[in-house]
Amino acid sequence: MSRSRRLAVDDNNTWLIRAEYLADPLAGPDGTVDHGDVDYIVFASDGSGDEAFTVKPGLYGDFSSVFQTFVVWGKGLVSFGAPTADQIAFMAAATDATDLGKFPGAFIHAGYSDPAANDLYVAIKDPDIVAGADAYTIIEFGSTTITIYRDRVTFSNGAGVVDLGTGVRLTPQDAENGAVRLSHLLSVNGTAGDNVIDATAAPQTIHGLGGNDTIRGGAGASDLYGDAGNDRITGGIAQDRLYGGEGIDTITGSYGDVIYGGGGNDRLSAARGVTVDGGSGVDRLHLDFTGFGLVIDVALPDGTSGTLAAIGTSYTAIEQIDITGGNNNDRLLGNSADNVINGGAGADAIDGGAGNDILDAGIGGPAPEPIVETTSRDSATAIAIDTAFSAVAGASPQAVLAYTEQSFAADPAYYSFDVLAGGDLLIESDNGQPLSAGYSLTLFDADGNQVATNDPGFGLSVADLAAGRYVVLVENQSDSGFVKTGHVRVNLSTATPQVRRNDLTGGSGDDTYLVHAASDRITEKAGQGFDAVIADITWTLSDNVEKLTLKAGAGAINGVGNALANTIVGNEAGNILNGGSGSDTLIGGGGNDFLRGDTGADRMAGGAGDDGYRVDNVLDVVIEKPGEGSDKVTTNVTFTLADNVEILVMAGLDPLSGTGNALANQLFGNAAANLLDGRAGADLMLGGGGGDTYRVDNAGDMVYETVTVASSVDAGGLDTVLSSVTYSLEPNGRQFVENLTLTGTAAIDATGNSLANLLRGNGANNVLSGNGGADTLMGYGGDDRLLGGPGRDTLTGGSGNDVLNPGSGIDTLSGGAGADWFVFNDTAILDGKTKSAADSIADFSHAEKDRIDLRAVDANALVSGDQAFAYRGTAAFTHHAGELRIEASAAGTFLAGDQNGDGSADFYIRLTPGITLIAADFLL
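Once you know that position 301 of the sequence shown is 315 in this note's numbering, the rest is easy, because the numbers rise by one and skip nothing.
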């Protein structure tokens, strides 16, 4: 049940303490009132009435600084006479266990801590209250100091402003219950909890005490103390004193404030006219000029203490300083500590100095008015002329160069005025070259009258030093009537618009730059630490900067490295990362990125997305994780795909080797003779021009070769497949691959296509099928079977007991070592009707038990069925069909066969010259 508690205190010599309890019914005691020197117990008569009880010292004895206890029961009103030097220290629920079961347990503590000061301290607690229940409500109070022992104090709706005495009142935030503002209170103390305290228009002293407090100043000049805990303290519009105390505090001051960090590693923020004492710990000061329209000129001295006269701010015991510029063209110079400098708006000049700095160019801005900085009699520099000239005649703003005739007379040396632009180049042609004509320098007197225009008689001359920079030399002016104030006007007859930029100089240390415009310029010297750029635009690293990170959310922007070993990191979009020379590390992040390491041994990781890589060094490393898209490497060097990369494209004109991985890769060669090895997986390999070699280890590997569209013939050179599995050159595009070699030790087979193939076996038992074309089949080791097919084939068995089957065409058979069979069929002998068209057996051997197998040839064409031949040696035919004989002539030694009985040979097989065959040499 939700309960509301009300406490009312007025200034009328009587304290009225009222407690309402919504728990009902309440059974009250017998109404007995006990009292003594120590205890006063007061009950309502029935626990439900609204009786009033008045407790006065005269009636019950003087309180005399002893602890008095009062218990309120039910609905009741208890009043106490106002004591002078007495204390009311405790008012609480009954201690009897039975009574406690009936009483809700609201505690009200009140008492004087210092009777002379008439201070009142009130603490309100309700141990039975639960989340969502109403808290206590303070209606009225009377004192000059209030300490509230609760994290939050609320007002009843519509309470308004309640007067508590002269100049003392309590003001609610609004008509609804909410955060409390305490106004016209001289002193406010928090509790050990996490308090939120807002000061008011009157000067106040506020203590947060324990807890992580939030204290905000108001319109009065106040003293704000965080005390213990990690506090957040913000000064108001007056000149406040802000004390952090112990803990890691965050303190923000404004003009005229004094900041004391105290103990802990504090975060302090200030701008102009602030005094800061960091105290103990490692404290960081942020000089924040965000929104300032003035030009900010800050040069931080080294050390933990310093005075910045230009902004009226001083500090002591500060270990680190950050700067954020304003809206104008600022000059922000760091020191040897680790600074964070953000230029803000405007075209800023930023120099981090020594230390590991983070430099942010800011967002740039419009052209500023000229700034005069000419107090030195040695030289004067107009540092903020920033004018973009159009392509027509024009003039820059005047830069005032103040001097006196005495200074010129006293020192005959010339004076140089560097006409710069707050870090921008003032005058520059469209191609960056110096302007050699079309400008003038004019000197005016104090009244604005022209004194000289490039007039050597007045000592005014122009020196064209370098692209975009001009120096005025004013020499030996001793005429007492000479001008006291001069102006320099730069007139251009033609010029192109000048892009404004920020100049960032890091100095020694590991610096970080944040850039936002292509015109920003970063200057780093060699050996000044490991420096980094964070860019939200396409960016190229300047010399001596090592790292580039493309900012998240900046979209599809690109990054380019330099000659160092760079680290370039993309964002979640599709980026192009180019490392330049040096051994770079490129990290793509999300999106479809393209990473090019360029020269050097680079390390590239595209991350998520379908990434592309350009590899230029055999030592380049490509990294992809599983499930990060379909990735492609383009290389002009021999390269092996890393795990999880799918595609390899060989570029350039040099012969290269490209190797896949365990995936189903796609390998593409260039115009030269390439070696393509898909490795595991069903790979697609296309060699392109040149005589390419393919390694096949999967029956699903697909090999394609380039063909000419007009002739549909091979345009890619003499190509070879090296296969460790049974493979055919016949299907789908493979018809343009010429050679196939079987590798390994397995008994696998090779099949050619319509081209003149070279098929090689391995050491096992292979079947080599030439198909069409003038093929060469070489069995090598093992008991091989060689099938010639159409065309003029050459079949070589090699070692082993091989079977050689010539097809149609004039074939040459060589069994090699072993008992080889030369097997003919009707198709094979049809082409051998003449001796010149006969197939040849080049190495028939009785000793090795070679055989000529004619069982598939019909010996008698006049009789149906398949009849066997009869061998007659060298004897003549007898006009019987199915006879074989040996014929020796000048044309060679031939085996002749008569299939129709006409006494003439119907086919010939060429044999080794001079060989003699016996019947056992045949299978008939």
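C-beta atoms are modelled at their ideal positions from N, C-alpha and C, and glycine is treated no differently.
| message | Pop quiz: N341 and A363 are said to be a contact at Cβ under 8 Å. What is the actual Cβ separation, rounded to whole angstroms? | response | As a position in the sequence shown, residue 341 is number 327, starting the count at 1. As a position in the sequence shown, residue 363 is number 349, starting the count at 1. Wrong, their Cβ atoms sit about 15 Å apart, outside the cutoff.
| query | Looking at the unbroken alpha helix (DSSP H) that takes in T841, where does it start and where does it end? | reply | On the sequence shown, position 827 is the one that residue 841 refers to. Segment D840 to L844, the alpha helix (DSSP H) holding T841.
| field | Rounded C-alpha distance that separates V817 from L609 | value | Taking the first residue of the sequence shown as 1, we reach residue 817 at position 803. Taking the first residue of the sequence shown as 1, we reach residue 609 at position 595. Rounded to the nearest angstrom, the two C-alpha atoms are 56 Å apart.
| field | Secondary structure of A696, DSSP reduced to three states | value | The sequence position of residue 696 within the sequence shown is 682, counting from 1. A696 falls in the coil class under three-state DSSP.
| message | Using DSSP's beta-bridge definition, name the partner residues of R281. | response | Taking the sequence shown and counting its residues from 1, the one referred to as residue 281 is at position 267. The partner list for R281 (beta bridge, DSSP) reads T264 and R298.
| query | Assuming V663 contacts L655 under a Cβ cut-off of 8 Å, what Cβ separation, rounded to an integer in Å, is found between them? | reply | Numbered from 1 along the sequence shown, position 649 holds the residue referred to as residue 663. Numbered from 1 along the sequence shown, position 641 holds the residue referred to as residue 655. 11 Å between Cβ atoms; not a contact.
| query | Out of T599, P745 and E260, which has the shortest C-alpha to C-alpha gap to D634? | reply | Position 620 of the sequence shown, counting from 1, holds the residue named residue 634. For the residues T599, P745 and E260, the minimum Cα distance to D634 belongs to T599.
| query | Should N914 go down as buried or exposed, given a rule of 16 or more other Cβ atoms within 10 Å for buried? | reply | As a first step, residue 914 must be located in the sequence shown, where it is residue number 900. The residue in question, N914, is exposed, as its Cβ has fewer than 16 Cβ neighbours within 10 Å.
| field | Straight-line Cα distance separating A615 from D657 | value | For the purposes of this step, residue 657 is taken as residue 643 along the sequence shown, with counting starting at 1. For the purposes of this step, residue 615 is taken as residue 601 along the sequence shown, with counting starting at 1. The alpha-carbon atoms of D657 and A615 are separated by roughly 18 Å.
| field | Where I624 sits in the DSSP three-state scheme | value | Against the sequence shown, residue 624 aligns to sequence position 610. Contrary to the premise, residue 624 reads as Asp rather than Ile in this sequence. Note: D624 maps to coil in three-state DSSP.
| query | Who are the near neighbours of R345 in its chain, counting only those whose CB is closer than 6 Å to its CB and skipping five residues on each side? | reply | The residue you call residue 345 lines up with position 331 of the sequence shown. Taken in chain order, the residues that qualify are D311 and A363.
| field | Candidates G623, A687 and L868, of which the one nearest V659 by Cα | value | If you number the sequence shown from 1, residue 659 lands on position 645. Comparing alpha-carbon positions, the option among G623, A687 and L868 lying closest to V659 turns out to be G623.
| If you draw a straight line from the C-alpha of T581 to the C-alpha of G277, how long is it? | What you label residue 581 is simply residue 567 of the sequence shown in a count that begins at 1. What you label residue 277 is simply residue 263 of the sequence shown in a count that begins at 1. For T581 and G277, the distance between alpha carbons rounds to 39 Å.
| Completely contained beta strand (DSSP E) runs for the region 749 to 777, where each covers 3 or more residues | 753 to 756 and 772 to 774, all fully within the region 749 to 777.
| said: Quick check on DSSP: helix, strand or coil for A252? | reply: For this step, residue 252 is matched to residue 238 along the sequence shown. Reduced to three states, the DSSP call for A252 is coil.
| task | Select from T649, G602 and G584 the residue whose C-alpha is nearest the C-alpha of T613. | result | On the sequence shown, position 599 is the one that residue 613 refers to. Of T649, G602 and G584, the residue nearest in Cα terms is T649.
| Spatially closest choice to A933 from T888, D912 and G906, by CA coordinates | Counting from one through the sequence shown, the residue named residue 933 turns up at place 919. Checking every option, the nearest Cα to that of A933 belongs to T888.
| query | When burial is assigned at 16 or more other CB atoms within 10 Å of the CB, is H893 buried or exposed? | reply | Residue mapping note: residue 893 aligns to position 879 of the sequence shown, counting from 1. Under this definition H893 is an exposed residue.
| field | Simplified DSSP assignment, three categories, for D715 | value | Position 701 of the sequence shown, counted from the first residue, corresponds to residue 715. Note: D715 maps to coil in three-state DSSP.
| query | Tell me which same chain residues have a C-beta within less than 6 Å of the C-beta of S236, skipping the five on either side of it? | reply | Within the sequence shown, the letter at position 222 stands for residue 236. A213, P217, Q218 and D254.
| message | What does the alpha-carbon distance come out to for the pair L773 and V632? | response | Here residue 773 refers to the residue found at position 759 of the sequence shown. Here residue 632 refers to the residue found at position 618 of the sequence shown. When rounded, the distance between both Cα atoms is 33 Å.
| Looking at the structure shown, is A934 part of a helix, part of a strand, or coil, going by DSSP? | Position 920 of the sequence shown holds residue 934. Three-state DSSP puts A934 in a helix.
| task | Please specify which runs of the alpha helix (DSSP H), each continuous and at least 4 residues long, are wholly inside the region 800 to 825, giving them in chain order. | result | Secondary structure remark: continuous alpha helix (DSSP H) runs of at least 4 residues inside the region 800 to 825: none found.
| query | In whole angstroms, what is the alpha-carbon distance linking L937 and G917? | reply | Working through the sequence shown from its first residue, we reach residue 937 at position 923. Working through the sequence shown from its first residue, we reach residue 917 at position 903. Their backbone Cα atoms lie some 22 Å apart in a straight line.
| Who does K646 pair with in a DSSP beta bridge? | Translated into the one-based positions of the sequence shown, residue 646 becomes position 632. In DSSP, K646 forms a bridge with G626 and I661.
| query | Quick one: what does DSSP say A882 is sitting in, helix, strand or coil? | reply | As a working mapping, residue 882 is identified with position 868 in the sequence shown. Looking at A882 - three-state DSSP - the assignment turns out to be coil, as it is neither helix nor strand.
| request: Tell me whether S738 sits in a helix, a strand or coil according to DSSP, three-state version. | output: Indexing the sequence shown from 1 puts residue 738 at position 724. If DSSP states are grouped into helix, strand and coil, S738 belongs with coil.
| query | How many angstroms separate the CA atom of A685 from the CA atom of V717? | reply | The residue labelled residue 685 in the question sits at position 671 within the sequence shown. The residue labelled residue 717 in the question sits at position 703 within the sequence shown. So the alpha carbons of these two residues sit roughly 16 Å apart.
| query | Anyone know if the C-beta pair for D825 and G802 falls short of 7 Å? | reply | Numbered from 1 along the sequence shown, position 811 holds the residue referred to as residue 825. Numbered from 1 along the sequence shown, position 788 holds the residue referred to as residue 802. It is a contact, given that the beta carbons lie within the stated cut-off.
| Would a C-beta distance cut-off of 7 Å place T765 and S783 closer than the cut-off? | Position 751 of the sequence shown, counted from the start, is the residue given in the question as residue 765. Position 769 of the sequence shown, counted from the start, is the residue given in the question as residue 783. Closer than 7 Å, so yes.
| task | Measure the alpha-carbon distance for G9 versus N688 and round it to whole angstroms. | result | Here the chain comprises residues numbered 15 to 938, so residue 9 is not present and cannot be evaluated.
| G156 to N203 span [Cα, whole Å] | Looking up residue 156 in the sequence shown gives position 142. Looking up residue 203 in the sequence shown gives position 189. Residue placement at G156 is poorly supported in this model, since its pLDDT is 36, which falls under 50; the coordinates still yield a value, given next. About 16 Å.
| message | Measuring straight from C-alpha to C-alpha, what distance separates I397 and A313? | response | Numbered from 1 along the sequence shown, position 383 holds the residue referred to as residue 397. Numbered from 1 along the sequence shown, position 299 holds the residue referred to as residue 313. Unreliable placement is indicated for I397, whose pLDDT of 25 sits below 50; the coordinate value is still reported in the next sentence. If I take the Cα positions, the gap works out to 15 Å.
| field | At least three beta-carbon pairs within less than 8 Å, the region 282 to 291 to the region 255 to 267 | value | yes
| field | Close beta carbons around S671, own chain, < 6 Å, minus the five adjacent residues each side | value | Translated into the one-based positions of the sequence shown, residue 671 becomes position 657. For S671, where only same-chain residues beyond five positions count, the Cβ hits under 6 Å are T652 and L689.
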